[in-house]
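Under my numbering, the first residue of the sequence shown is numbered 149, with each subsequent residue one higher.
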Amino acid sequence: MGNYASCALSNITPSSSSSKVILPDGEVRHIHAPTKAAELMMEIPSFFLVDAKTLKIGRKLKPLAADDDLQTRGCHVYVAFPMTRATSAANASDMARLFLAAKKQQRRRVRTAVKHCHNGRISPEGEDDVKMMSAGSKLMSLVDIDEFSAAEFMHRISNSKSKKPKLETIAEEESILNGLEIKQLLELDFFNAFFNISYCSRL
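Here's what the structure looks like:
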């Protein structure tokens with residue numbers, strides 16, 4: 149199954165493998181060597197890790213055990229949650245947090261690609277980004293989702309902004325998605341809309 153979060157958060161070459169960990173401050177750490185969950189949890193006390201593939205709005209969080217290994221093969225993203233959330237369910241704000249982390253990483257890839265292009269050299273992972281830029285892409289290059297196409301997803305969000313003059317933002321978890329967008333995400337199976345994208349063949 150594809151995983152947009154993993155791929156959008158990835159800026160490594162196709163021959164490399166790593167897991168990505170979204171830290172409490174929103175930064176993304178790449179783990180290339182075999183690592184136990186406990187090793188990271190020691191660096192961020194009072195937080196636990198969850199495999200992003202298990203996240204679904206309304207579903208209870210599934211913390212990793214301390215002796216669980218972080219998978220470095222394929223597309224794997226792990227998210228740090230405070231211990232106070234150990235028995236709670238995932239919500240739209242949690243999904244927005246992943247979406248924002250992916251967008252932040254994607255912007256970094258754009259800047260790197262532009263810099264390399266201006267310097268007359270393009271890295272292997274930046275080459276595709278430059279091609280997409282020259283084609284007029286915004287580099288949020290989502291391909292078809294199993295049950296809901298990314299194009300339709302982005303189109304609905306775009307249309308929602310024009311139908312309502314002013315929408316309140318979601319302050320929780322520093323989310324910038326507005327109320328109507330969150331409502332639309334809830335109407336979808338966001339697990340599919342966010343994770344089930346066949347883009348991981350690049351990794």
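The C-beta atom is built at its ideal place from N, Cα and C for all residues, glycine as well.
task: With a floor of 3 residues, list each beta strand (DSSP E) that falls wholly inside the segment 165-227, ordered by position along the chain.
output: 167-170, 176-179 and 195-199
field: Whole-number beta carbon distance between A186 and A214, since they are thought to touch under 8 Å
entry: 4 Å
- prompt: Under the three-state reduction of DSSP, which class applies to A240: helix, strand or coil?
  reply: helix
- request: Starting from F229, follow its DSSP beta bridges and name the residues at the other end.
  value: F196
query: If you run the structure through DSSP and keep just helix, strand and coil, what is A234?
result: coil
message: Rounded to the nearest angstrom, what separates R245 and S236 at their Cα positions?
response: 16 Å
query: Are there 16 or more other CB atoms within 10 angstroms of the CB of D217, so buried, or fewer, so exposed?
result: exposed
- prompt: CB-CB under 7 Å to Q219, same chain, minus the five flanking residues each way: which ones, in chain order?
  reply: S167
task: Please report the Cβ distance between F229 and L209, rounded to the nearest whole angstrom; I am assuming they are in contact, meaning their Cβ atoms lie under 8 Å.
output: 6 Å
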